[in-house]
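Residue 396 in the UniProt record's numbering sits at position 396 of the sequence shown, with consecutive numbering throughout.
Note that beta-carbon positions come from the ideal geometry of N, C-alpha and C, so glycine has one too.
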Amino acid sequence: MDKISMWEATANQRRERPTLEGDQQCDVVIIGGGYSGLSTSYFLQQKDVKTIVLEKDLVGSGASGRNGGELLTGYMDSASSLIKKKGIDVARRMYQLSLDSIDLIETIIESNDIDCAFTRKGSLKAAYRASDIDGMKREQEVLEREFNHKVKIVEPSEMQTELKTTFYHGGRIDEKCGHFHPLNYALGLADAVENFGGVIYENSEALRIERDANNKVIVKTTSGRVFADEIVIVTNGYSGDLNKRIKRTIVPVESIMIATEPMPEELMKDLIKNNRAVSDSKNLLYYFRRTADNRMAFGGSGRSTNKRDQLLLFNQLQSGMTTVFPDLREAKVEYQWSGKVGITKEKLPYMGRLEDGTYFAYGYAGHGAALSTIMGQAIARKIVAEDDVANPLEVKRIRPIPFHSQHAKAVGLMKYYFRYEDKKKS
Ligand SMILES: Cc1cc2nc3c(=O)[nH]c(=O)nc-3n(C[C@H](O)[C@H](O)[C@H](O)COP(=O)(O)OP(=O)(O)OC[C@H]3O[C@@H](n4cnc5c(N)ncnc54)[C@H](O)[C@@H]3O)c2cc1C
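Here you go:
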């Protein structure tokens, strides 16, 4: 079994990028070479703001090159829960932002000719329990009434028109959604940044941040320094001790994926008929989709501290895949990998500026494939003071999650509980 992700194995040619050496100057230094950082840089460069992106590993080494590539509308929370938490006005703006995020990605892909198998055939949220479809119908009403957004319900009896499985009891289709090759999008965005004059250093971990007497930022790596007017930290689920305030407001949650060998095209078209981005309504959800080369990319939840547990989790995921699609029983799983999703206490993304001037955006909670690009644009607009309308995800303060260091363990325990609950209701 290959340890690298299927996306890495099937990616377009990477440009070689240097490591930071010596002293460099720019207007804005951006820490993190995922979608958030690359998008911030992309939009700033277009305003003639000189940027340097520092990436610890390679572009897309974090979640941006490892995810399911499902471009979804909305948030981890349901529409009704958003309204309850934020009030109708903010909830409406938040929802619109999520719709706009996929349009923005489409525009970037088209205008930069990014080869990333982008397709917009909609998403399917599949009902795990028979009763889940009632909740989906209620949600459909809210989406249409409050957000003027139409989605379609697939009745249990019609489910075979979507998926070749008896595992689910109907579902909900959102035609606005789509999917892409996540790493190829990240690589294409990085190339576009450089084409606009931006600089990206790889294998360049930001180790320390200081400010000089004029409040200029100095970011130190092992072999160099960047001097800048502004700093953006967009390290999301991979946030370390560089900025402890940001780190303490994020819980990194592991998500795992497997991918089969390329399968006969006819079979894949039969399993997921309309090439949608699929996820389900289990507590520990499955998400899956076809790839451009006819593999099944199948993801789920998982966190493990040792190799034996890890093997077990991947085996469980494979058995989940073949339970959903018995036709894949003989399919060889060629790749398995994992990555970190960043989740905030509210389960909603945050963007804004700390008291010391540091800009940030993170916590997309499994919806960042779409949201992080538009959030990068939002930070860029804030830096150049073009954010005339306040971003609905902007927060004035970030507060540490109490007992933050214990949260990873708590998440692990919650997963055992959720797994038990999912089994009970099957
Ligand atoms: C397995 C998996 C499946 C997922 N599936 C989906 C999906 O289908 N749909 C969806 O919407 N979302 C999905 N997500 C979430 C989505 O991938 C993320 O929300 C999104 O990629 C976040 O982008 P980002 O740029 O904010 O963070 P990342 O892409 O995680 O980028 C952060 C970067 O910061 C770098 N970094 C950290 N510290 C430093 C430092 N000190 N110096 C320099 N660099 C540093 C890291 O190396 C990393 O590259 C999934 C995530 C995972 C892990």
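Taking the alpha carbon of residue i as the reference point, which residue from the options has its own alpha carbon closest?
| i | options | result |
| --- | --- | --- |
| A370 | R17, G68, T19 | G68 |
| E106 | T373, A79, F227 | T373 |
| V49 | S279, G34, A63, V28 | V28 |
| Q45 | T322, N195, P156 | N195 |
| R66 | P392, Q377, Y335, E141 | Y335 |
| G37 | N391, M263, I379, D388 | I379 |
| N275 | S80, E265, L143 | E265 |
| R248 | H404, M6, G74, R14 | H404 |
| D113 | F167, K164, L187, F43 | L187 |
| A117 | M375, S80, G178 | G178 |
| G352 | I343, E394, K332 | E394 |
| M268 | M6, A297, S279 | A297 |
| I109 | L58, S61, F180 | F180 |
| V59 | P400, E202, H367 | E202 |
| D23 | V226, N148, H149, E141 | V226 |
| H149 | S98, K164, G171 | S98 |
| Q318 | L20, A331, N283, N306 | A331 |
| T222 | Y95, A206, K396, G237 | A206 |
| A11 | Y185, D132, G197, P156 | Y185 |
| I272 | W337, L285, N294 | N294 |
| Q96 | V333, K176, A385 | K176 |
| K220 | A126, E55, Q377 | E55 |
| R290 | D270, S338, D309 | D270 |
| R17 | Y362, S204, I398 | S204 |
| G366 | E254, N306, R397, I398 | E254 |
| G320 | E386, K307, Y364, L285 | L285 |
Counting C-beta neighbours from all protein chains within 10 Å, is the total for residue i 16 or more, i.e. buried, or is it exposed?
| i | result |
| --- | --- |
| G87 | exposed |
| S39 | buried |
| S426 | A caution first: S426 carries a pLDDT of 49, below 50, which makes its placement in the model unreliable, though a value can still be read off. Answer is exposed; the Cβ neighbour count stays below 16. |
| E162 | buried |
| L311 | exposed |
| D2 | The predicted model places D2 with a pLDDT of 44, which falls under 50 and marks its position as unreliable, so this point remains unresolved. |
| E144 | exposed |
| G300 | buried |
| N215 | exposed |
| residue 427 | Summary: the structure shown does not reach residue 427, with the chain confined to residues 1 through 426, and so no result is reported for it. |
| E139 | buried |
| T260 | buried |
| V341 | buried |
| residue 457 | Here the chain has residues from 1 to 426 only, and residue 457 is not among them. |
| P252 | buried |
| D212 | exposed |
| N306 | exposed |
| T235 | buried |
How many whole angstroms separate the CB atoms of residue i and residue j, which I take to be in contact at a CB cut-off of 8 Å?
| i | j | result |
| --- | --- | --- |
| E230 | I383 | 6 Å |
| A277 | S123 | 4 Å |
| F314 | I256 | 7 Å |
| E146 | I83 | 7 Å |
| I250 | L242 | Actually they are not in contact, since the Cβ atoms of I250 and L242 sit about 12 Å apart, beyond 8 Å. |
| S281 | Y75 | About 15 Å separates the two Cβ atoms, so there is no contact after all. |
| T344 | Y350 | 6 Å |
| I102 | T73 | 7 Å |
| L183 | W7 | 4 Å |
| residue 433 | K125 | Because the chain here runs from 1 to 426, residue 433 falls outside it and cannot be looked at. |
| K152 | I173 | 4 Å |
Can you confirm whether residue i, when its beta carbon is compared against all beta carbons of chain B, has any partner nearer than 7 Å?
| i | result |
| --- | --- |
| T73 | Judged by its chain identifiers, the structure shown contains no chain B, having just a single protein chain. |
Quick check on residue i: does DSSP put it in helix, strand or coil?
| i | result |
| --- | --- |
| V151 | coil |
| L348 | coil |
| G366 | coil |
| L44 | helix |
| G376 | helix |
| R138 | helix |
| Y168 | coil |
| H181 | coil |
| L328 | helix |
| E394 | strand |
| I133 | helix |
| G22 | strand |
| S319 | helix |
| A11 | coil |
| K247 | helix |
| P252 | strand |
| A186 | helix |
| R17 | coil |
| V28 | strand |
| Y128 | coil |
Length-filtered (3 minimum) beta strand (DSSP E) runs lying within the region 195-231: 199-201, 208-211, 217-220
Ranges of the alpha helix (DSSP H) found wholly within the region 60-117, counting only runs of at least 4: 79-86, 88-112
What residue ranges within the region 257-313 form continuous alpha helix (DSSP H) runs of no fewer than 4 residues, ordered along the chain? 265-271
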